[in-house]
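Quick note, the sequences are listed as chains A and B, same order. In this text, residue positions in the first sequence follow numbering that gives the first Met the number 0: the first is 0, and each later residue adds one. In this text, residue positions in the second sequence follow numbering that gives the first Met the number 0: the first is 0, and each later residue adds one. Note that beta-carbon positions come from the ideal geometry of N, C-alpha and C, so glycine has one too.
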Amino acid sequence: MKFECGDLDRALAVPELMQEAREHLKECAACRRELRLWNDISSAAKELHHEWESPELWPRIREQLAAQPRPKPSRWKDWKLMAIAASIFVGAALFVWLNWLRPPVQQTAGNRTFLTEQALRDVEHNEAAYRESIDRLYTLAEPKLKNSQSPLVVSYREKLILLDSAIDDVSSNLRQNRFNTSLQAQLASLYREKRETLEDLVKHDQKN
Amino acid sequence: MVLEIGLPPLAAASLPDHPSDDQLVDGCKRGNLRAFEHLYEIHASRMKSIAFHMLGSQADAEDAVQETFLKVYRSVGSFEGQSALGTWIYRILLNTCYDQGRKRQRLKEAGPPPEVASRSDVPLRITLERAIERLNERHRTVFLLFEVEGLKHSEIASILEVPEGTSRTWLFEAKRELKRTLMESRS
Numbered sequence: 000m001k002f003e004c005g006d007l008d009r010a011l012a013v014p015e016l017m018q019e020a021r022e023h024l025k026e027c028a029a030c031r032r033e034l035r036l037w038n039d040i041s042s043a044a045k046e047l048h049h050e051w052e053s054p055e056l057w058p059r060i061r062e063q064l065a066a067q068p069r070p071k072p073s074r075w076k077d078w079k080l081m082a083i084a085a086s087i088f089v090g091a092a093l094f095v096w097l098n099w100l101r102p103p104v105q106q107t108a109g110n111r112t113f114l115t116e117q118a119l120r121d122v123e124h125n126e127a128a129y130r131e132s133i134d135r136l137y138t139l140a141e142p143k144l145k146n147s148q149s150p151l152v153v154s155y156r157e158k159l160i161l162l163d164s165a166i167d168d169v170s171s172n173l174r175q176n177r178f179n180t181s182l183q184a185q186l187a188s189l190y191r192e193k194r195e196t197l198e199d200l201v202k203h204d205q206k207n
Numbered sequence: 000m001v002l003e004i005g006l007p008p009l010a011a012a013s014l015p016d017h018p019s020d021d022q023l024v025d026g027c028k029r030g031n032l033r034a035f036e037h038l039y040e041i042h043a044s045r046m047k048s049i050a051f052h053m054l055g056s057q058a059d060a061e062d063a064v065q066e067t068f069l070k071v072y073r074s075v076g077s078f079e080g081q082s083a084l085g086t087w088i089y090r091i092l093l094n095t096c097y098d099q100g101r102k103r104q105r106l107k108e109a110g111p112p113p114e115v116a117s118r119s120d121v122p123l124r125i126t127l128e129r130a131i132e133r134l135n136e137r138h139r140t141v142f143l144l145f146e147v148e149g150l151k152h153s154e155i156a157s158i159l160e161v162p163e164g165t166s167r168t169w170l171f172e173a174k175r176e177l178k179r180t181l182m183e184s185r186s
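What follows is the structure in structure tokens.
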């Protein structure tokens, strides 16, 4: 790039261009004057600091300040502190209420529907014991159920087949959702029905 | 026991000989007039010079400095130290000067900008002073703070609440404008 007179301003702003500017300045008196003026502005500016004695000024200011009410401290910091303290207090109160003071939550249909892991283990344990007692009853009733063709025993047999089918369905659904208390209740009800049916059958057999 | 008569209770409270910025702020916040006097001793000379160049007369400059100290006194309670105390005071001074300058501008009839002396035997200092008056407000401010009062770009940036690069750019533009004006006056 050929450096021209109009480029001097740019060179003053971009120090990288000064090398080229120096070459041009050797031959251009007008640009030398311009550069000298540029530097002179800074030198002359230093002399512009204006200083004078003002013996009355501070006493005047002091008198005016002394007549003022005391500076008001900023309320903003106080507000911030109060807001933080209030947040901590509300948080602590909420924590205490949730953990110690809150009345027991009424069981709703939603949270009654699901069991905890421990409760489920208890239910399954009881269920297994129930099944064993039913199996023992069935062992007692089995000869009668298989051999008798009386209408009463036939109706008992059909009822037990329906109950077993229903128990299989509910058990299958429960395997999808072991924590569903509603299904667990249905299953327990079906087992109870099966046990009572078997007990009735056994009692009827003993009477005869 | 020495009684300070006619002063508020904390007006003459003790302060170290060379208080730190924090001690000065604390003293000012408590209304300690010694703290304000310290501030005056440190900054008044430069404040007067800046105000003089902004307003054009010693009397107006002194009024601006007085007004600035009053504003500092009234609002020091809300000063939280985001900038240096000096920076904050210069910012208040400049705003005070801008306000006074605008009031004066409204009062006097709009006339042509001052003529820059064209005689070659007039010292550069004089012609430069006239040329500075023709600069726009922000260029004039940066030029005065940097070239005349010797503040650093970082300080100017903090006072004017602009990036440091902006302060440098405004200074360059101010000097280029001054150079153009002075060259025209000499040709």
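Kindly indicate which three-state DSSP category residue i falls into: helix, strand or coil?
i: residue 135 (chain B); result: coil
i: residue 31 (chain B); result: coil
i: residue 176 (chain A); result: coil
i: residue 17 (chain A); result: helix
i: residue 162 (chain B); result: coil
i: residue 11 (chain A); result: helix
i: residue 17 (chain B); result: coil
i: residue 208 (chain A); result: This structure gives no information on residue 208 (chain A), because the portion of chain A shown stretches from 0 to 207.
i: residue 126 (chain B); result: helix
i: residue 48 (chain A); result: coil
i: residue 231 (chain A); result: For residue 231 (chain A) there is no data in the structure shown, the boundaries of chain A being 0 and 207.
i: residue 27 (chain A); result: coil
i: residue 67 (chain A); result: coil
i: residue 22 (chain B); result: helix
i: residue 57 (chain B); result: helix
i: residue 58 (chain A); result: helix
i: residue 6 (chain B); result: Note that residue 6 (chain B) has pLDDT 42, beneath the 50 cutoff, so the model's placement of it is unreliable and no number is given.
i: residue 132 (chain A); result: helix
i: residue 126 (chain A); result: helix
i: residue 149 (chain B); result: coil
i: residue 117 (chain A); result: helix
i: residue 148 (chain A); result: coil
i: residue 209 (chain A); result: Limits of chain A in this structure are 0 at one end and 207 at the other, which puts residue 209 (chain A) out of reach.
Let me confirm a value: residue i is counted as buried when at least 16 other C-beta atoms fall within 10 Å, else exposed. Which label applies?
i: residue 102 (chain B); result: exposed
i: residue 42 (chain A); result: exposed
i: residue 4 (chain A); result: exposed
i: residue 117 (chain A); result: exposed
i: residue 183 (chain A); result: buried
i: residue 87 (chain B); result: buried
i: residue 48 (chain B); result: buried
i: residue 70 (chain A); result: buried
i: residue 30 (chain B); result: buried
i: residue 19 (chain B); result: exposed
i: residue 76 (chain B); result: buried
i: residue 138 (chain B); result: buried
i: residue 134 (chain B); result: buried
i: residue 51 (chain A); result: exposed
Closer than 9 Å by beta-carbon distance: list the chain E residues that pair up with residue i, in chain order.
i: residue 78 (chain A); result: Annotation note: the requested chain E is absent from the structure, which comprises protein chains A and B.
query: Taking Cβ-Cβ distances below 9 Å as the criterion, which residues of the segment 14-31 of chain B are in contact with chain A?
result: Residues 27, 28, 29 and 30.
query: In chain order, which continuous runs of the alpha helix (DSSP H) of length 4 or greater are located wholly inside the segment 65-113 of chain B?
result: You should have 84-106.
query: What residues from the segment 23-34 of chain A come within 9 Å of chain B, judged by C-beta to C-beta, listed N to C?
result: If the cut-off is 9 Å between Cβ atoms, the segment 23-34 of chain A has 32 and 33 near chain B.
- request: Pull out every residue of the segment 39-70 of chain A whose Cβ sits closer than 8 Å to any Cβ of chain B, in chain order.
  value: Cβ proximity to chain B below 8 Å picks out 39, 40, 41, 43, 44, 45, 46, 47, 48, 49, 50, 51, 53, 56, 57, 59, 60, 61, 63, 64, 65, 67, 69 and 70 from the segment 39-70 of chain A.
query: Taking Cβ-Cβ distances below 8 Å as the criterion, which residues of the segment 6-25 of chain A are in contact with chain B?
result: Near chain B, meaning a CB-to-CB distance below 8 Å, the residues of the segment 6-25 of chain A are 8, 11 and 12.
task: Would you list, in chain order, the members of the segment 74-95 of chain B that have their beta-carbon closer than 9 Å to a beta-carbon of chain A?
output: Against chain A - using a Cβ distance shorter than 9 Å - the residues of the segment 74-95 of chain B are 74, 75, 76, 77, 78 and 79.
message: Against chain A, which members of the segment 139-170 of chain B pass a CB distance test of less than 9 Å?
response: The residues in question are 142, 143, 145, 146, 147, 148, 149 and 168.
message: For the segment 33-44 of chain B, list every residue whose C-beta sits within 8 Å of some C-beta in chain A, in sequence order.
response: Listed by position along the chain: 35, 36, 39, 43 and 44.
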